[in-house]
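Each number in the working numbering corresponds to the 1-based position in the sequence shown with 1 added.
Backbone N, C-alpha and C define an ideal beta-carbon position, used for all residues, glycine too.
Predicted, not measured: the structure shown is a model, and the values here were computed from it.
The structure appears below as structure tokens.
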Amino acid sequence: MYALREALLAIVRHPVSSLATLTTATVSFTLLLLAALALWNLDRVVGAAERELTVAVFLKPEATLTAVRDEVARWPEVREVRAIPKDEALKQLSREQPWVREVAKLLENPLPDTLLVVPQTPGAMALLAERLAALPGVEEVEYGGKLTLELLRVAQGIRVGAVVLVLMLILNTFFSVMGTIRLSIESRRDELEIMQLVGATRGMILLPFVVEGLLLTTAAALIATAVALPVYRYLAGELQRFYPFIPVLSPEDLLLASEGLFLLAFFLGTVGGWLSSRAQLKEAA
Numbered sequence: 002m003y004a005l006r007e008a009l010l011a012i013v014r015h016p017v018s019s020l021a022t023l024t025t026a027t028v029s030f031t032l033l034l035l036a037a038l039a040l041w042n043l044d045r046v047v048g049a050a051e052r053e054l055t056v057a058v059f060l061k062p063e064a065t066l067t068a069v070r071d072e073v074a075r076w077p078e079v080r081e082v083r084a085i086p087k088d089e090a091l092k093q094l095s096r097e098q099p100w101v102r103e104v105a106k107l108l109e110n111p112l113p114d115t116l117l118v119v120p121q122t123p124g125a126m127a128l129l130a131e132r133l134a135a136l137p138g139v140e141e142v143e144y145g146g147k148l149t150l151e152l153l154r155v156a157q158g159i160r161v162g163a164v165v166l167v168l169m170l171i172l173n174t175f176f177s178v179m180g181t182i183r184l185s186i187e188s189r190r191d192e193l194e195i196m197q198l199v200g201a202t203r204g205m206i207l208l209p210f211v212v213e214g215l216l217l218t219t220a221a222a223l224i225a226t227a228v229a230l231p232v233y234r235y236l237a238g239e240l241q242r243f244y245p246f247i248p249v250l251s252p253e254d255l256l257l258a259s260e261g262l263f264l265l266a267f268f269l270g271t272v273g274g275w276l277s278s279r280a281q282l283k284e285a286a
């Protein structure tokens, strides 16, 4: 209780610096949480896009579907191979386009046997397509992943930028907390010297400043969560209204992100308060 009381008194005693730190930490945490949610959501989108990347291999009539499939499945750059016989392809097309069913009654099945090949990594797509095209019995190879690959490269650049932004915001909050604690110590330097003279332990002296930093960052995290989560839910709802196929984070994911933010706030407030007060007391000694 002593540490909590002293921390609250320090915040009240320096309202301007405390408010400045609270505001800085709140803005930083809000931007940090939004950036983290966007980055997490981007990973979901990228993962879904990568799973959709396939190479379609159309075989010549004389080729044996199972033999080609078994050979391709042994390649290290291939994650999955699915064989689609021409009869199955025709049935699927007939379900999607009913008029094909009537035409199929009059004509021989013109569709080739097909392999759908999923690469281990998106970067292996082009080389895999070239290798597949060189196989005996392959008529044609197609993959519509060129645009997707470009989008994945852009997403990678966005990911790097978001990570840099998150690190900068964390450092900004950390040093802001340290600055407030230093100001609080300066205003109580005479009182702290008297406490040292009468035998107060270092832990007793340092603890109120640690609690002060913790209170500021926790309050900032609470406000940031109250602002960032509704903003994300609104933007995600609007995104899915126009593009319902794009995955968004679940309520459980948002809860997990909020917990992570509070853990970060706890760490920054505690460590920032402890380091700053410890350094200032050493200078005073």
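Query raised in the report: Once you ignore the five residues that flank residue 178 on each side, which residues in its own chain have a CB closer than 8 Å to its CB?
Result: Residue 178 sits at position 177 when you count from the first residue of the sequence shown. Within the same chain, residue 178 has close Cβ partners 22, 26, 214, 217, 218, 269, 270, 273, 274 and 277.
Requested in this report: Give the straight-line distance between the Cα atoms of residue 100 and residue 38, rounded to the nearest whole angstrom.
Outcome: Start at 1 with the first residue of the sequence shown, and residue 100 comes out as number 99. Start at 1 with the first residue of the sequence shown, and residue 38 comes out as number 37. Below a pLDDT of 50, predicted positions are generally treated as unreliable, and residue 100, at 45, falls in that range; the measurement from the model is reported next regardless. C-alpha separation (whole angstroms): 46 Å.
Query raised in the report: When burial is assigned at 16 or more other CB atoms within 10 Å of the CB, is residue 126 buried or exposed?
Result: Here residue 126 corresponds to residue number 125 of the sequence shown, with the count starting at 1. With 16 or more Cβ atoms within 10 Å of its Cβ, residue 126 is classed as buried.
Query raised in the report: So, residue 170 versus residue 264, is the Cβ gap smaller than 8 Å?
Result: For the purposes of this step, residue 170 is identified with residue 169 of the sequence shown, where counting begins at 1. For the purposes of this step, residue 264 is identified with residue 263 of the sequence shown, where counting begins at 1. The answer is no: Cβ separation not under 8 Å.
Requested in this report: Could you check the C-alpha separation between residue 69 and residue 49 for me, to the nearest Å?
Outcome: On the sequence shown, residue 69 is found 68 positions in, with the first residue counted as 1. On the sequence shown, residue 49 is found 48 positions in, with the first residue counted as 1. The straight-line gap from Cα to Cα measures roughly 27 Å.
Query raised in the report: Are residue 86 and residue 114 close, meaning C-beta to C-beta below 8 Å?
Result: In the sequence shown, counting from the first residue as 1, residue 86 sits at position 85. In the sequence shown, counting from the first residue as 1, residue 114 sits at position 113. Cβ atoms of residue 86 and residue 114: closer than 8 Å.
Query raised in the report: On the three-state DSSP scale, how would you describe residue 77?
Result: If you number the sequence shown from 1, residue 77 lands on position 76. Correct three-state label for residue 77: coil.
Report task. Would you kindly work out how many angstroms separate the C-alpha atoms of residue 157 and residue 42, rounded to a whole number? Result -> Walking along the sequence shown from the start, residue 157 turns up at place 156. Walking along the sequence shown from the start, residue 42 turns up at place 41. Those two C-alpha atoms are separated by around 13 Å.
Report task. May I have a chain-ordered list of the alpha helix (DSSP H) segments no shorter than 4 residues that lie completely inside the stretch 196-267? Result -> 203-243
**Report entry** Coil, strand or helix - residue 125 by DSSP
**Finding:** As a first step, residue 125 is located in the sequence shown; it is residue number 124 there, counting from the start. Helix.
**Report entry** Close Cβ partners of residue 60 (< 8 Å) along its chain, the five nearest in sequence each way excluded
**Finding:** Here the question's residue 60 lines up with position 59 in the sequence shown. Contacts found: 66, 69, 113, 114, 115, 116, 138, 139 and 140.
Query - Outcome for residue 1 when other beta-carbon atoms lying within 10 angstroms are tallied against a minimum of 16 - result: With the chain covering only 2 through 286, there is no way to say anything about residue 1.
Query - DSSP state of residue 120 mapped onto helix, strand, coil - result: Your numbering for residue 120 matches position 119 in the sequence shown. Three-state DSSP puts residue 120 in a strand.
Requested in this report: Report, in whole angstroms, the separation of the C-beta atoms of residue 129 and residue 78, which I expect to be a contact under 8 Å.
Outcome: Taking the first residue of the sequence shown as position 1, residue 129 is located at position 128. Taking the first residue of the sequence shown as position 1, residue 78 is located at position 77. Right, their Cβ atoms sit about 5 Å apart.
Requested in this report: Return the Cβ separation of residue 237 and residue 35 in integer angstroms, given the expectation that the two are a contact with Cβ distance under 8 Å.
Outcome: Reading the sequence shown from its first residue, position 236 is the one you call residue 237. Reading the sequence shown from its first residue, position 34 is the one you call residue 35. Rounded, the Cβ-Cβ distance is 11 Å, inconsistent with contact.
Query raised in the report: At what residues does the beta strand (DSSP E) containing residue 63 begin and finish?
Result: Your numbering for residue 63 matches position 62 in the sequence shown. No beta strand (DSSP E) holds residue 63; DSSP gives it neither H nor E.
Query raised in the report: Since residue 83 sits in a beta bridge, which residues does DSSP pair it with?
Result: Reading the sequence shown from its first residue, position 82 is the one you call residue 83. 117.
Query - Beta-bridge partners of residue 142, as assigned by DSSP - result: Position 141 of the sequence shown holds residue 142. Paired residue(s): 58.
Query raised in the report: Can you name, in chain order, every residue of its own chain whose Cβ lies under 8 Å from the Cβ of residue 144, other than the five neighbours on each side?
Result: As a position in the sequence shown, residue 144 is number 143, starting the count at 1. Taken in chain order, the residues that qualify are 54, 55, 56, 57, 126 and 130.
Query raised in the report: Near residue 224, what residues of its chain come up, given a Cβ to Cβ distance below 7 Å and the 5 sequence neighbours on each side ignored?
Result: Taking the sequence shown and counting its residues from 1, the one referred to as residue 224 is at position 223. Hits under 7 Å: 27.
Query raised in the report: Taking buried to mean at least 16 other C-beta atoms within 10 Å of its own C-beta, is residue 227 buried or exposed?
Result: Counting from 1 along the sequence shown, the entry for residue 227 is found at position 226. With fewer than 16 other Cβ atoms within 10 Å, it is exposed.
**Report entry** Pick from 133, 80 and 132 that is closest to residue 123, judged by C-alpha positions
**Finding:** Taking the first residue of the sequence shown as position 1, residue 123 is located at position 122. Here the closest residue by C-alpha is 80.
**Report entry** Neighbour-count burial assignment, residue 231, 16 or more Cβ in a 10 Å radius
**Finding:** Position 230 of the sequence shown, counted from the start, is the residue given in the question as residue 231. The residue is exposed, with fewer than 16 neighbouring Cβ atoms inside 10 Å.
Requested in this report: Output the distance between the C-alpha atoms of residue 142 and residue 83, rounded to the nearest integer angstrom.
Outcome: Taking the sequence shown and counting its residues from 1, one reaches residue 142 at position 141. Taking the sequence shown and counting its residues from 1, one reaches residue 83 at position 82. Rounded to the nearest angstrom, the two C-alpha atoms are 15 Å apart.
Report task. Could you say which of 250, 40 and 257 lies nearest to residue 165 if we only look at CA atoms? Result -> In the sequence shown, counting from the first residue as 1, residue 165 sits at position 164. Among 250, 40 and 257, the Cα nearest to that of residue 165 belongs to 40.
Report task. Note down, in chain order, each residue of its chain lying with its Cβ closer than 7 Å to the Cβ of residue 175, except the 5 sequence neighbours on either side. Result -> Against the sequence shown, residue 175 aligns to sequence position 174. 269 and 273, listed in sequence order.
Query raised in the report: DSSP on residue 136, reduced to helix/strand/coil?
Result: Along the sequence shown, read from residue 1 onward, the residue named residue 136 stands at position 135. Coil at residue 136, not helix or strand.
Report task. Whole angstroms is fine: what's the gap from residue 13's alpha carbon to residue 258's? Result -> Along the sequence shown, read from residue 1 onward, the residue named residue 13 stands at position 12. Along the sequence shown, read from residue 1 onward, the residue named residue 258 stands at position 257. Cα to Cα, the separation comes out at about 31 Å.
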